[in-house]
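K.L.:
With the working numbering applied, the sequence shown closes on residue 484, and no number is skipped along the way.
Glycine residues also receive a C-beta, built at the ideal position from the N, C-alpha and C atoms.
Just so it is clear, the structure is predicted and the values come from calculations on it, not from any experiment.
One structure, pasted below without further comment.
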Amino acid sequence: MASNVLLVILDSVRARNVSIGGSTNDTTPFCSDFAERATTYAQARSPGAKSLTSHTSIFTGLDVEEHNITSADDRLAPGYSVFEHLREEGYATGVFSENTWVTDVEVGLKDGFDTVEGPRNVPFPDAADPKSFVAEAGRGQYVEYLKASLGGPKPARSILNGLATKLAWDYPWLLPDSLQASTAADVYTDLFLEWEREQSGPWAACINLMDAHIPYEPAREFDRWGGPDAREIQDELEDLEWVFLGGQQPWWKRRALEGLYDGAIAQIDAQLRRLVETLEERGVLDDTLVVITSDHGEGFGEPSEIRDARVAEHGVAIDDVVTHVPLLVKYPGQTEGKTITEPATLTRFPDAARAATEGEAEPGSFVPDGPVRVSAVGLNDALKGRAADYIDDFEPFTATGRAVLRVEDGTVVKDITWRDRARRFEVRDAQTSYQVEAPEAAIRSRVEAAFEDVTDAGVRTGGAGVEGTSDATRKRLEDLGYV
C-alpha cells in the first residue's frame, strides 16, 4: 500500500521554544510523547528565514538561491512542487492554512493541491463560511448565499459571516481588528480531518498552523506564561518588530511577548495530539509519513550572530533563533524513537516523501550528503517601505546572509557570512552555541565552496505581485508584516 504524506508546518516556531528543544516551559508535551516513536532531528535548519522562501524550498527541494522565489513578484513554474508530482501519481492533495503565501497569493505554492482551504476569518466559525461557498459557486452569488444561509441551521450568523467577508474583500479598512485575528489551529485540524475521512486512496497534505506567528493570541487555557499584562503590551504596540529595531519601544516589551508566543505553541501542540490520535484511531497513521517542523523561527531581541542589530523578526536574520527549527518525523511503520544529531535540512522533504511512497524511507532522509545550507535574503522594496516609518539605516537588514553547517570532530560547526563579515560558531543544541576563533578567510572559503554548485535553477517566472491579490489578502499580508 502506498504511504500517505502529511507535512505539518508550525509557522514561526523555533527549536529553542519547544520541549524537545530544551525549553524550560513545557510548550509541547505531545511532541515529547510522539518523539518516543518518531525520529527527532536535533540540528534541523530551515532553508530560508521567511515563509515564502522556506516553503518554496520545502516543496521543491531547491535551495533559496536556486529557486529565487522571494516576493509576490515571483512565481514558481509548474512541475517543481513535490505535491504536483504526488498528484500526478494518483494522490489526493490538500493544503490547509490561513498562510496566504500557500493558499492565496499567486506564487505557485498552492498549484500542487486539489483542495485549498485558506483564511477563515469570520465572526462565527460554527456557521456557513462564505469562502467555502465561493469556492463552489463562484463570486458574486449573493442571492444564492443568502438562500443557503436562510436554509441552514444558523441563518443570522451565516449572514453576518457573509457581510464580514464582503467587507474584508472590498472594504477591509472598515473591518474591526477583532475580525482580523488569526484563525486558531483547531479550525484547520478539523478541515483536514474532514477531508482525510473522505479519501479512499493515498493522499498527501500540508497543514500550516499560524498560531505562533505575530500577533500571538493563545486561548486562555494555553496562556500560561504571558497573561493579561503581556496582552496589554501587545495590544498597545502599533508594530511588533520595527518599533524595537527603530528604538521607538524598549526591548523588554518584545521579550515580554515571548510568554504569549509559548502559549501559542502549546495551543498548536494540543491540536497536534488530536490530529495524530485521530489518524491512529482511523488506522492510517502507521501508513503515513508524518513530518512536523517549522518554516522559520522568531526573534525576541537576541543579539545577532553577525549583523549590527538585535533579532526582533524573521525574514532577514541568518541567526539560529530564526533558522534552527524543530523537526520530528514518524516514518511509515516506525514504532521506536530515534534522535539524529547531524545537521538536517528541510530541503530533503521531497526526497523523503518520494521514498515513503516507494516504501524506502529511513531516518537519515533529512541529512544531506554534504553540508546544510541556509540563505536569508534582505528586505524587498515592500518591506523597506514598511520599515521606513521606524528606521533610517537599512544596511543591517539588506544583503543575503549565508550559513553552512557541518560536523567537525563530533561537534556541529556553523560558518556564517554576511557582507564583508565571516564568523564561526559551535552549536551544542537549540539552547547553546558560542563563537569560536577562526580566520575569516577560511570561513568565507568554506561557505563559498558549499555554495559553489548553487546556481539559478530557472524555475522562477513572473508573479502577479501584491497588487494582483484581493483586498482581503493584501490586508492579511500587511497584518502578518509581509508588506
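(1) DSSP puts residue 413 in a beta bridge; with which residues?
(2) Flag this pair as yes or no: are the beta carbons of residue 298 and residue 330 separated by less than 8 Å?
(3) Can you give me the start and stop residues for the alpha helix (DSSP H) that residue 461 sits inside?
(4) In terms of residue numbering, what span does the alpha helix (DSSP H) encompassing residue 235 cover?
(5) Buried or exposed: which applies to residue 144, given that a residue is buried once 16 or more other Cβ atoms fall within 10 Å of its Cβ?
(6) If you compare alpha carbons, which of 421, 290, 215, 283 is closest to residue 260?
(7) Among the residues of its own chain, which have a CB less than 7 Å from the CB of residue 447, if the five just before and after it don't count?
(8) Under a Cβ-count criterion, where at least 16 other Cβ atoms within 10 Å of its own Cβ denotes burial, should residue 199 be classed as buried or exposed?
(9) Sorted by chain position, which residues of the same chain lie with C-beta nearer than 8 Å to residue 217's C-beta, five sequence neighbours on each side aside?
(10) Beta-carbon within less than 6 Å of residue 267's beta-carbon, same chain only, minus the 5 sequence neighbours each way: which residues are those?
(11) Using 8 Å as the threshold, is the region 288-298 in touch with the region 8-26, meaning 3 or more CB pairs across them?
(12) Can you tell me which of 241, 441, 455 puts its alpha carbon nearest to the alpha carbon of residue 302?
(13) Would you list, in sequence order, the uninterrupted alpha helix (DSSP H) runs of no fewer than 4 residues that lie entirely inside the region 285-325?
(14) Three-state secondary structure (DSSP) at residue 43?
(15) I believe residue 128 touches residue 148 by the beta-carbon criterion, under 8 Å. Please report the beta-carbon distance rounded to the nearest angstrom.
(16) So what does DSSP say about residue 104, is it helix, strand or coil?
(17) Quick one: complete beta strand (DSSP E) runs, 3+ long, within the region 50-89?
(18) Specify, as a first and last residue, the run of the alpha helix (DSSP H) that residue 245 falls within.
(19) Let me make sure I understand the geometry here. Which of 306, 104, 378 has the alpha-carbon closest to that of residue 211?
(20) When the Cβ atoms of the region 306-315 are set against those of the region 28-46, are three or more pairs found closer than 8 Å?
(21) Assuming residue 49 contacts residue 377 (C-beta within less than 8 Å), just tell me the rounded distance between them.
(22) Taking contact to mean at least 3 C-beta pairs separated by less than 8 Å, is the region 62-76 in contact with the region 190-197?
(23) Using three-state DSSP, classify residue 398 as helix, strand or coil.
(24) Is the region 388-396 touching the region 243-255 in the sense that three or more CB pairs, one from each, lie closer than 8 Å?
(25) Does the contact criterion of 3 or more C-beta pairs under 8 Å hold for the region 422-431 versus the region 357-368?
(26) Mind checking residue 272: buried by the 16 CB within 10 Å criterion, or exposed?
(27) By how many angstroms is the C-alpha of residue 69 removed from the C-alpha of residue 80?
(28) What do you reckon, are the CB atoms on residue 56 and residue 410 nearer than 8 Å?
(29) For residue 59 and residue 100, what's the separation of their Cα atoms in angstroms?
(30) Closest by CA to residue 501, which one among 434, 433, 422, 458?
(31) Hey, how far is the Cα of residue 255 from the Cα of residue 47?
(32) Going along the chain, which residues of its own chain have a beta-carbon closer than 8 Å to the beta-carbon of residue 238, five neighbours each way excluded?
(33) Name the residue from 340, 433, 107 whose alpha carbon lies nearest to the alpha carbon of residue 43.
(34) Roughly how many angstroms lie between the CA atoms of residue 186 and residue 269, to the nearest whole one?
(35) Please classify residue 344 as buried or exposed, where buried requires at least 16 other C-beta atoms within 10 Å of its C-beta.
(36) Assuming residue 485 is part of the alpha helix (DSSP H), what are its boundary residues?
P.N.:
Straight from the coordinates:
(1) Paired residue(s): 408, 428.
(2) No, the pair does not count as a contact, with Cβ atoms beyond the cut-off.
(3) Per DSSP, residue 461 belongs to no alpha helix (DSSP H); it is in the beta strand (DSSP E), 461-463.
(4) Its alpha helix (DSSP H) spans residues 228-237.
(5) exposed
(6) 215
(7) 405, 416
(8) exposed
(9) 227, 235, 258, 261, 262, 264, 265
(10) These residues qualify, in order along the chain: 28, 223.
(11) yes
(12) 241
(13) Taken in chain order, the whole alpha helix (DSSP H) runs of length 4 or more contained in the region 285-325 are 321-324.
(14) coil
(15) By a beta-carbon distance limit of 8 Å, residue 128 does not contact residue 148. Their separation comes to about 15 Å.
(16) helix
(17) 75-77
(18) 243-246
(19) 104
(20) no
(21) 7 Å
(22) no
(23) If DSSP states are grouped into helix, strand and coil, residue 398 belongs with the helices.
(24) yes
(25) no
(26) buried
(27) 16 Å
(28) A distance of 8 Å or more separates the beta carbons of residue 56 and residue 410.
(29) 15 Å
(30) Coverage of the chain is limited to positions 2 through 484, which leaves residue 501 absent and any answer about it impossible.
(31) Using only the alpha carbons, I get a separation of about 23 Å.
(32) By the criterion of a C-beta distance shorter than 8 Å, residue 238 is surrounded in its chain by 244, 250, 254, once the five residues flanking it on both sides are discounted.
(33) Comparing Cα positions, the closest option is 340.
(34) 6 Å
(35) Buried is the call here.
(36) Residue numbering for the chain in the displayed model covers 2 to 484; residue 485 lies beyond these limits and cannot be assessed.
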